[in-house]
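Top to bottom, those sequences are chains E and S. Quick note, the numbering used here runs 69 ahead of the 1-based positions in the first sequence. Quick note, the numbering used here runs 69 ahead of the 1-based positions in the second sequence. Every residue, glycine too, gets a C-beta built ideally from N, C-alpha and C. All of these numbers come straight from a predicted model, not from anything done at the bench.
Number of protein chains: 2
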Amino acid sequence: MISYVPLDEIQRVGRAASADPIVRAELLADLCRINTLYMIMQAGSGHIGSSFSSMDLVVWLWTAALVDPNSGAPGADTYFSSKGHDAPALYALLIALEKLDFALLHRLRRLGGLPGHPDVETPFIAANTGSLGMGISKAYGMARAQRLAGRTGRIVVMTGDGELQEGQIWESLQPVANERLSEITVIVDHNKLQSDAAVSAVSDLGAIADKFRAFGWEVRRADGHDLRAIRDVFADFATLADRPKALIADTIKGKGVSFMEGLAHGDQTYHFHAGAPSLKDYVAGVDELAARVNARLKTLGQGAIALAPAPFPDRTAPVRPERLVVAYGDELLQMARQRPDIVVLDADLLSDCGIEAFKEELPARFVECGIAEQHMVSAAGGMALAGLLPVVHSYACFLSTRANEHIYNNATERRKIIYTATLAGLVPGGPGHSHQSVRDISAIGSIPGLTAIEPCSEREARLAIRWAVEQNTGSSYLRFVNVPLDLPYSLPASYALEVGRGVMLRAGGDVALVGYGPVLLGNAWRAADELAAQGIGAAVINLPWLNRIDEAWVRDALGRFPAIVTLDNHSVTLGQGVMVAAALARTGVRADVLSLGLTDTPACGSNAEVLAHHGLDAPSIVRAALSCCDPSTLPRAQGRPEPGRGATGSRSTGAGPKVEARTR
Amino acid sequence: MISYVPLDEIQRVGRAASADPIVRAELLADLCRINTLYMIMQAGSGHIGSSFSSMDLVVWLWTAALVDPNSGAPGADTYFSSKGHDAPALYALLIALEKLDFALLHRLRRLGGLPGHPDVETPFIAANTGSLGMGISKAYGMARAQRLAGRTGRIVVMTGDGELQEGQIWESLQPVANERLSEITVIVDHNKLQSDAAVSAVSDLGAIADKFRAFGWEVRRADGHDLRAIRDVFADFATLADRPKALIADTIKGKGVSFMEGLAHGDQTYHFHAGAPSLKDYVAGVDELAARVNARLKTLGQGAIALAPAPFPDRTAPVRPERLVVAYGDELLQMARQRPDIVVLDADLLSDCGIEAFKEELPARFVECGIAEQHMVSAAGGMALAGLLPVVHSYACFLSTRANEHIYNNATERRKIIYTATLAGLVPGGPGHSHQSVRDISAIGSIPGLTAIEPCSEREARLAIRWAVEQNTGSSYLRFVNVPLDLPYSLPASYALEVGRGVMLRAGGDVALVGYGPVLLGNAWRAADELAAQGIGAAVINLPWLNRIDEAWVRDALGRFPAIVTLDNHSVTLGQGVMVAAALARTGVRADVLSLGLTDTPACGSNAEVLAHHGLDAPSIVRAALSCCDPSTLPRAQGRPEPGRGATGSRSTGAGPKVEARTR
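Pasting the structure below:
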């Protein structure tokens, strides 16, 4: 069982137990911590450490320091978090303040619920964040707009401290200071820990206050868990009407639960950054928080809180999951032992990129760049110019877009670099659109000399990095799904990578399902099972090449199918499917062609939810294949259903009328 | 006539006239200024101001302060310019030092010559730059690589001062300081002027030295034209072996020619930033430089220099050129007078984006962001959240890539923003690959809710911005060619924009030439003239929609052509052509399809040179069309020539063997 603080208890304890707003806020913060833990346990993931370090500040701001943030009332203040990771804290608070429906407490990271990172579709969320470093620029835009409209109201932006490694922060500080946008206040949640390790170990920021001052800001420093100190800083700031203000708030990551607070003794890695805790840790955390609340209530002469129980969420784990990124990292390390020219660069996503062992074994050839993707990619360019083979790591969503111009600039130097982009595609669906990389093929696909490939299994992951290191004379972009999955298929024993050419995973004569990567090839396999049950032979074809299509292979391998469905774990506009379809046209293949992929911003939700929502689950593929196959050739009499709700894509058949079905 | 300093005179005057290295360097710098002016006059464009402000520093570094930069000798130093705009100065010097062939003096910005911005294909050029802000990161990578290899040697990077507005600069300063990479020295060419105006007017940087110090750097400040002062700073730096060093060099933009030095009295705009000077200014500039050299030579007891003459380059100007960006800016201003929600954002490219008049008339709604594209785009996001309609401007190469994640983040907020991207496509070919935007359709084409369009004439430019403001409910990306061109076609009088649908500019029954924008539609028209002379009817079809293809229109409008050639002023991998070809497959149209577009890094050269080089001039289109048309249906007996050298693209016909012709 897990448990949460129900609304009536929040009303009693967090909003009425004391006349002192500071005592109330302290109580409310701990109640919100209990509910944040509950939300993250329900969701299966979420950022505890960052939520807890900013919790006291956020509660104080919304209950005391600011004028009804985001209410739209005259003179109302605006608050948002630039780091975005602390969304669960803000959600818990907004629910406690009855600004969000209480039922949403049970819907973190679920379709139609509360997204993993902030989204303005949620009431009282002022900006979409989670892509780091954008918040102060957004505040600048809001402030300029307010002034143009003659409106007032402070704009308070919470940033992380690791986030300050992003160059955009420093781009944005100067214009705010130059234009004396005094309505803007930045709070740095200075908890000294980022994703992988201590900020000082990743990329030390030195004296943050001095830096802000050098950029023209008024700076204060205070204990971010001392509400009296925070109150005084805001009172002080209110007297300064001619310049922007920054509060460097010294906080503790995971504050509020003793064993989640900061690094454990002798440890280098913080263990409560992004995932759900174990049930044991969860229970211990709630017990500690409840005990502190109850002790306070006792001094106030009030009764202990009553938590409401909820069942422990049922999550099915894969049985023999393939972990592509782990296999990749292992193969890379094996090669690096033999090749001293290999260097590894990372942007604070060590474990998610499979390179922990590399760092451990070859520290001299491991370069931690922090949250500074542009710097990392250009640094790799400099290393390549000096004769090394850099292998650059980050999430696909950040690497392909934040450093987009930099990957291109490196490409113009015609040196060999490998870009390893993880967390690619629609799932995991929980973090939301800032982290779901569904347009990176498009973003990097036209970079000259850069070949993109997505493996569909651990074995192909090993083949891919070995091909990139040993065979490809140009640069490579390796795209990896991070979700561990049971795979229904295996590659032929004789399989070897050949640029632009795919491989049949499953034979079938009526329709070809063509795609890449474990998520959609797995769903295609399951769809083929269902189609087979209906007497339709669906081939499943793995084409790992994302921007290189061998037209001879297309003609030979696909030319014999009467119907072809392309599958993109990516936007359908400019993914692999459009290249396959174009190759069919250019090679004169005549087939009914339908392309599945995303046509809108990726939704946040459980993996199953978002795959169904975007028409990329097995039933959607079945529907698409049925709509694509010519009924006269099918073995059983059956109608040709139009693509259903989930069947996202673009199709047309022969010279008949255009049929398009696109859902969001 | 124009003139240059020939090699023998350089040897006599610049390298031997005095035993004092400072006197020699001062003389050499002025000789190089004369030759820089010559190169820029030959090329028709180039950055005088930035070349002249850094000239004295560059000459001193390469002749005295550094160990044979980039020679590869043991202990050799490395030098490169991060801003890259001052490439002509470095070229003039490398030619004078006989490190580059003297004949290259006549080949600035020409195919196979000296690129407009640095490229490592040129001897002694250490890094590709011109995309601002990347240099210190590259130096970091080089330094780490050197240390790994046990090599020594300083790495000296020249940056602009406007360039410091780029956030990546601040991303890169911290790790260099944290790792005490003392081999790195940054020189800030602090000439106080950037593209549009004074740095202090665009986005004031405040106390640059304080900022570098706050990031952990050792800083000196000196007159960048005083070689003795520069000498002393480098001697001082040599004593500091435990930290990176920065020299803030106070310089004068255009230094060396009195009327090119800094802003003219009362002027806001610097007039010698990027273009070639008038012949009158050129002659006056050379006269002044030669007079100063001769006066020095006289004091040294030596004869005056003898310049070598060269003919004034013959350049044909268009007769009645269409200026799309100007028309765009005018139409935007007209609408803005009626709509107070329109705000304009700029990143230091005012005149190139057609918004000078807007700034002049509506200054309160004009936001100058400086060279900070990420900040600009996120600021626009904040403004859109606050109810405004932001129109965001920069070159396509920077806007679509530097701010790629930011455009996406804004898109996830589902507010309406217009992105105006100028200098799109392969031409002008002179600035080189950092400025030639040939992958922006790919980079932004999959952003949800963002519709991209490229107008082909002034009239369509006006229609496009009016459509984006008044009709499109989502966000728009407007892509503009900046080259003024005579257009052989005109749009039908009744023409109106319809999403995803094109318009026939010229009828013809044998082959359809489908594309967008003035460059390739103009060339298609000229190709159609030539094809008509051969008895082949080529239709020219304007499809301005870059990421929206109406499949019904494709079937109806293109379905009747036996052959279709798509034309991309962009990479062929993921441009409009692949979407058209895919639409043909999806609608069941059977035609011979060939797609032209770039298949490699865009070459630097004159517009005619690069269009021919990449197979996008009229003769290449003729060859492509001929290779695509079925000879049995053609009116005259003729072979089907394979695509020639220029014919870049991918073609195949029917079920025959795959034919691909790709040239770089």
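Cβ neighbours of residue 406(S) in the same chain (closer than 6 Å, five flanking residues each side left out): Residue 406(S) sits at position 337 when you count from the first residue of the second sequence. The beta carbon of residue 406(S) sits closer than 6 Å to none of the beta carbons in its chain outside the five residues before and after it.
Taking all protein chains shown into account, do 16 or more other C-beta atoms lie within 10 angstroms of the C-beta of residue 656(S), making it buried, or fewer, making it exposed? The count along the second sequence starts at 1 and reaches residue 656(S) at position 587. Buried.
With 8 Å as the threshold, decide whether the Cβ of residue 423(S) is near any Cβ in chain E. Along the second sequence, one-based indexing puts residue 423(S) at 354. False, the Cβ-Cβ gap to chain E never drops below 8 Å.
Please determine, among 311(E), 167(E), 327(E) and 502(E), the residue with the shortest C-alpha to C-alpha distance to residue 179(E). For the purposes of this step, residue 179(E) is taken as residue 110 along the first sequence, with counting starting at 1. The candidate whose alpha carbon is nearest that of residue 179(E) is 502(E).
Where do the ends of the beta strand (DSSP E) carrying residue 136(E) lie? Numbered from 1 along the first sequence, position 67 holds the residue referred to as residue 136(E). Premise fails: residue 136(E) is in no beta strand (DSSP E) and is neither H nor E.
C-beta neighbour in chain S for residue 712(E), strict 8 Å: Counted from its first residue, the first sequence places residue 712(E) at position 643. The predicted position of residue 712(E) is uncertain, since its pLDDT is 40 and thus under 50; a value taken from the coordinates is nonetheless stated next. Chain S contact via Cβ: absent.
Reference residue 668(E); option with closest CA among 683(E), 295(E) and 285(E): Counting from 1 along the first sequence, the entry for residue 668(E) is found at position 599. Looking at the Cα atoms, 683(E) is the closest of the given residues.
Using a Cβ-Cβ distance under 8 Å, would residue 498(E) count as near chain S? Indexing the first sequence from 1 puts residue 498(E) at position 429. Answer no: the Cβ-Cβ gap between residue 498(E) and chain S never drops below 8 Å.
Would you call the CB atoms of residue 671(E) and residue 550(E) closer than 8 Å? Residue 671(E) sits at position 602 when you count from the first residue of the first sequence. Residue 550(E) sits at position 481 when you count from the first residue of the first sequence. Not closer than 8 Å, so no.
Would you give the residue range spanned by the beta strand (DSSP E) that residue 462(S) belongs to? For the purposes of this step, residue 462(S) is taken as residue 393 along the second sequence, with counting starting at 1. 458–464 is the extent of the beta strand (DSSP E) around residue 462(S).
Where residue 639(E) falls: helix, strand or coil (DSSP): In the first sequence, counting from the first residue as 1, residue 639(E) sits at position 570. The answer is strand: DSSP assigns residue 639(E) an E or B state.
Three-state secondary structure assigned by DSSP to residue 73(E): As a first step, residue 73(E) must be located in the first sequence, where it is residue number 4. Looking at residue 73(E) - three-state DSSP - the assignment turns out to be strand.
Please tell me whether residue 758(E) has its Cβ less than 8 Å away from any Cβ of chain S. A query on residue 758(E) cannot be resolved here, the shown segment of chain E reaching from 70 to 733 and no further.
Beta-carbon spacing of residue 584(E), residue 625(E) below 8 Å: For the purposes of this step, residue 584(E) is identified with residue 515 of the first sequence, where counting begins at 1. For the purposes of this step, residue 625(E) is identified with residue 556 of the first sequence, where counting begins at 1. No, these two residues do not count as a Cβ contact at 8 Å.
Cutting at 6 Å between CB atoms, please list the residues of its own chain near residue 115(S), excluding the five before and the five after it. Residue 115(S) sits at position 46 when you count from the first residue of the second sequence. Closer than 6 Å at Cβ, skipping near neighbours: 109 and 157.
Where the segment 75–87 of chain S meets chain E: residues whose CB sits under 8 Å from a CB there: none
Give me the Cα-Cα distance between residue 706(E) and residue 689(E), rounded to the nearest whole angstrom. One-based indexing of the first sequence puts residue 706(E) at position 637. One-based indexing of the first sequence puts residue 689(E) at position 620. Since pLDDT at residue 706(E) reaches only 36, below the 50 mark, its modelled position is unreliable, and the value read off the structure follows with that caveat. Cα-Cα distance, rounded: 21 Å.
Looking at chain E, is there any beta carbon in it that lies within less than 8 Å of the beta carbon of residue 444(S)? Translated into positions along the second sequence, residue 444(S) becomes position 375. With 8 Å as the cut-off, residue 444(S) counts as an interface residue toward chain E.
Using the rule of at least 16 other Cβ atoms within 10 Å of the residue's Cβ for burial, across every protein chain shown, is residue 385(E) buried or exposed? Your numbering for residue 385(E) matches position 316 in the first sequence. Its Cβ having fewer than 16 others within 10 Å, residue 385(E) is exposed.
Does any CB atom of chain C fall closer than 8 Å to the CB of residue 481(E)? The chain labelled as chain C is not found among the protein chains of the depicted structure, namely E and S.
Verify whether the separation of the beta carbon atoms of residue 743(S) and residue 448(E) is less than 8 Å. In the structure as shown, chain S begins at 70 and stops at 733. Residue 743(S) is therefore absent and cannot be evaluated.
From this set, 654(S), 392(S), 497(S) and 426(S), which residue's C-alpha is nearest residue 528(S)'s C-alpha? Walking along the second sequence from the start, residue 528(S) turns up at place 459. Of the listed residues, the one whose Cα sits closest to residue 528(S) is 392(S).
Own chain, CB closer than 6 Å to residue 160(E), minus 5 neighbours either side, in chain order: Mapped onto the first sequence, residue 160(E) falls at position 91. Excluding positions up to five away in sequence, the list reads 183.
Just to confirm before moving on: does the CB-CB distance between residue 224(S) and residue 190(S) stay below 8 Å? Here residue 224(S) refers to the residue found at position 155 of the second sequence. Here residue 190(S) refers to the residue found at position 121 of the second sequence. No; because the gap between Cβ atoms is not below 8 Å, this pair is not in contact.
Which stretch, first to last residue, makes up the beta strand (DSSP E) that contains residue 520(S)? The residue you call residue 520(S) lines up with position 451 of the second sequence. Taken as a continuous stretch (DSSP letters only), the beta strand (DSSP E) holding residue 520(S) covers 519–522.
Determine the chain E residues that contact residue 209(S) at a beta-carbon separation under 7 Å, and present them in chain order. Taking the second sequence and counting its residues from 1, the one referred to as residue 209(S) is at position 140. Simply 448 and 451.
Can a CB atom of chain E be found closer than 8 Å to the CB of residue 221(S)? Position 152 of the second sequence, counted from the start, is the residue given in the question as residue 221(S). No, residue 221(S) lies away from the interface with chain E (no Cβ there is under 8 Å from its Cβ).
DSSP-derived helix/strand/coil call for residue 289(S): In the second sequence, residue 289(S) corresponds to position 220, counting from 1. In this structure, residue 289(S) counts as strand in the three-state DSSP scheme.
Provide the residue span of the alpha helix (DSSP H) that contains residue 191(S), from first to last. Along the second sequence, read from residue 1 onward, the residue named residue 191(S) stands at position 122. That residue, residue 191(S), is in no alpha helix (DSSP H); it is neither H nor E in DSSP.
What whole-angstrom Cβ distance do residue 734(S) and residue 293(S) have, given they're in contact under 8 Å? The structure shown does not extend to residue 734(S), since chain S spans only 70 to 733, so no value can be given for it.
Please report how far the alpha carbon of residue 141(E) lies from the alpha carbon of residue 525(S), in whole angstroms. Position 72 of the first sequence, counting from 1, holds the residue named residue 141(E). Position 456 of the second sequence, counting from 1, holds the residue named residue 525(S). Approximately 43 Å between the Cα atoms of the pair.
Secondary structure at residue 434(E), three-state DSSP: helix, strand or coil? Translated into positions along the first sequence, residue 434(E) becomes position 365. It is helical.
Cβ separation of residue 427(E) and residue 401(E), assumed to be a contact under 8 Å, to the nearest whole Å: Here residue 427(E) is taken as the residue at index 358 of the first sequence, counted from 1. Here residue 401(E) is taken as the residue at index 332 of the first sequence, counted from 1. At roughly 7 Å, the Cβ-Cβ gap stays under 8 Å, so residue 427(E) and residue 401(E) are in contact.
What residues from chain E crowd round residue 239(S), counting only those whose CB sits closer than 7 Å? Translated into positions along the second sequence, residue 239(S) becomes position 170. 236 and 239, listed in chain order.
Residue 87(E) by DSSP, collapsed to three states: which one? For the purposes of this step, residue 87(E) is taken as the residue at position 18 of the first sequence. Correct three-state label for residue 87(E): coil.
To the nearest angstrom, how far is it from the Cα of residue 269(S) to the Cα of residue 336(S)? Locating residue 269(S) in the second sequence gives position 200, where the first residue counts as 1. Locating residue 336(S) in the second sequence gives position 267, where the first residue counts as 1. Looking at the two C-alpha atoms, the distance is approximately 14 Å.
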